[in-house]
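Protein chains in written order, with our numbering: chain A, 1 to 262; chain B, 1001 to 1262. We treat Cβ as the ideally placed atom computed from N, Cα and C, and that holds for glycine. Here the structure is laid out as structure tokens; the discussion comes afterwards.
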DNA sequence: GAGTGGTCTAGACCACTGT
DNA sequence: CAGTGGTCTAGACCACTCC
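Here it is as structure tokens:
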């Protein structure tokens, strides 16, 4: 015997999947639904919560409950790494015009708003392990927030770590006000003679912390994609460790793997 | 003024993060918590639900509420594709011993249980678009469920599509009882003369449907990773389209991108 | 049987939104 | 202002697990 709230949820889910309720449609008020199904309001709310957790509906306080529209996904391809490497040796003007994020999203540079914050931190066990340096090593922590000028929600939150002694040769690299740097991170690293050899990216998903949920403006119940990017240079050193937190409901990560020919 | 359930959740979250409550610890019963915080049981339940949605706690009916232990992640690397391609021309005995999943997880072949189900279907708009064939084209749909012999929950659910006419040259490929095929999908394709050139993988995250949640045994509130894998052969055809649904709380996807040297 | 979480009721009042 | 969802109460009974 299924619970009452499950039967209500099933009813509404079926209606949405069958298209009787379309994206953007408003559902009847909770009191109306309670009346229609002969149940109390909290029971109806339980059903609506289940549907919200499945991403099918969205509640707007004071307005109503709506069938959700899919947000247009923000794409990010691993081809961006080779693309960015090729640009390292292009002219500064060319580099300034378009960065990897513009390349991924198809937006122009002036449609993007980037906020960068730098500070020096001591490496914790996690990041120290990724770099293969002792815990406590001085790192430059760079936090980025990239968003479309027309929206308030960012595409994602990026925290990148560099070993300070490795990049100290160019003082500009320690200065957040130089952002956005023409050509991006690979051009920054090239300014101290570093050439990348490969990039490893680890992808997992988890529920957002309340802080992340607020900053990314993700509706409750949706999860975030977490991407740990580790960059290696041509002599095998780890030169950059970055964590990206991306809203799961609007992010699409594309990875292309080329195979050797026979 | 924060809601009462938020203050209770904050209290418990802080205790968990600070280590006063450790993974595996049992929380006081809901009635006890209600008493301690001077609130009603439903309010306490609201707080616990928030923590469960964050993945911090786990409720077990009739037993209690526990601080969650991290499940050991199942890893999957894109290096598996080259690895599998190299094995295509190895001896059948060698191929039978270890497949790509064993390679990823570090498990032996006899620790894995694979269930395969085949059927013929007409291509819907989505898959037809991925293949670049007309809607309604006859496809072979192959559903796989791979799990560790010691656990009931699978690593993930895989649905792979092949164009029937492309593989009909080898009748064994239409027969689910030939699974597991030594060497995996690439060896199957090679038996009709297909050599892979590259693999594209699209990763997104979303809440599971109730059906997926049941089959993957994911706790409510956690999301799934969805991976759409498209394989291209050396003449540029799409030869395989596969959808993987992976539990977000135990899956780690690793992608390595090699860059051209200067 | 005792203790746990799961479901449900029938209200109450508050906070937010658009008119 | 009226209507919406958000929070909260003080209980009730059920289903599950362990002893």
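Take the alpha-carbon of residue 1123(B) and the one of residue 212(A): they are about 39 angstroms apart. In the assembly as shown, residue 1235(B) is an exposed residue. Its beta-carbon has fewer than 16 other beta-carbons within 10 Å.
Sequence-ordered contacts of the region 1237 to 1251 of chain B with chain A read 1248, 1249, 1251 [C-beta pairs closer than 8 angstroms].
The beta carbon of residue 121(A) does not come within 9 angstroms of any beta carbon belonging to chain B, so the residue lies off that interface. Per DSSP, residue 1092(B) is one residue of the alpha helix (DSSP H) stretching across 1092 to 1097.
Residues of the region 77 to 104 of chain A with a C-beta atom less than 7 angstroms from some C-beta of chain B are 78, 81, 82, 85, listed in chain order.
Residue-level contact check: residue 223(A) touches chain B, since one or more beta carbons of chain B fall below 9 angstroms from its beta carbon. The criterion of a C-beta distance shorter than 9 angstroms is not satisfied by residue 1245(B) and residue 1146(B). Every unbroken stretch of the alpha helix (DSSP H) spanning 4 or more residues and falling wholly within the region 1094 to 1161 of chain B is given here in chain order: 1100 to 1105, 1125 to 1131. Residue 149(A) counts as exposed, since fewer than 16 other C-beta atoms from the protein chains shown sit within 10 angstroms of its C-beta. Within chain B, the residues 1261 have their CB atoms less than 7 angstroms from the CB of residue 234(A), given in chain order. Going by DSSP, residue 1008(B) is part of no beta strand (DSSP E) but of the alpha helix (DSSP H) stretching over 1004 to 1017. Around the beta carbon of residue 1247(B), 16 or more other beta carbons sit within 10 angstroms, so the residue counts as buried. Per DSSP, the beta-bridge partners of residue 1067(B) are 1057(B). The beta carbon of residue 1039(B) sits no closer than 9 angstroms to any beta carbon of chain A. Rounded to the nearest angstrom, the gap between the Cα atoms of residue 1214(B) and residue 230(A) is 35 angstroms. For residue 1197(B), the residues of chain A that pass the 8 angstroms Cβ criterion are 258, 259, 261, in the order they occur in the chain. With a cut-off of 8 angstroms on Cβ pairs, the region 77 to 90 of chain A is in contact with the region 190 to 205 of chain A, counting three or more such pairs. The region 1248 to 1259 of chain B makes contact with the region 1065 to 1077 of chain B: 3 or more CB pairs, one atom from each, lie closer than 8 angstroms. Distance from residue 106(A) to residue 249(A) at the Cβ level is roughly 20 angstroms; contact not present, criterion being Cβ atoms closer than 8 angstroms. Each residue's CA atom was taken as its position, placing residue 1011(B) and residue 1018(B) some 11 angstroms apart. A straight line joining the alpha-carbon of residue 1110(B) with that of residue 1101(B) spans about 12 angstroms. In this structure, residue 1174(B) and residue 1216(B) do not form a Cβ contact; the two beta carbons are roughly 28 angstroms apart against a cut-off of 8 angstroms. Of the candidates 154(A), 142(A), 238(A), 95(A), 238(A) places its Cα closest to the Cα of residue 194(A).
Taking 7 angstroms as the cut-off between beta carbons, none of the residues of the region 149 to 168 of chain A comes near chain B.
When the beta-carbon positions are compared, residue 1225(B) and residue 205(A) come within less than 9 angstroms of each other. A straight-line Cα-Cα distance of about 6 angstroms links residue 1184(B) and residue 1099(B). The alpha-carbon of residue 1004(B) is positioned some 13 angstroms away from that of residue 1049(B). Chain A has no Cβ within less than 9 angstroms of the Cβ of residue 1192(B). If you draw a straight line from the Cα of residue 1053(B) to the Cα of residue 1007(B), it is about 16 angstroms long. With respect to the C-alpha of residue 115(A), the residue from 41(A), 202(A), 210(A), 178(A) having the closest C-alpha is 178(A). The C-alpha of residue 1144(B) lies about 21 angstroms from the C-alpha of residue 1192(B). DSSP places residue 1250(B) in the coil class of the three-state scheme, outside both helix and strand. In the displayed model, residue 1176(B) falls within a helix according to three-state DSSP.
The three-state reading of DSSP puts residue 1049(B) in helix, counting H, G and I together.
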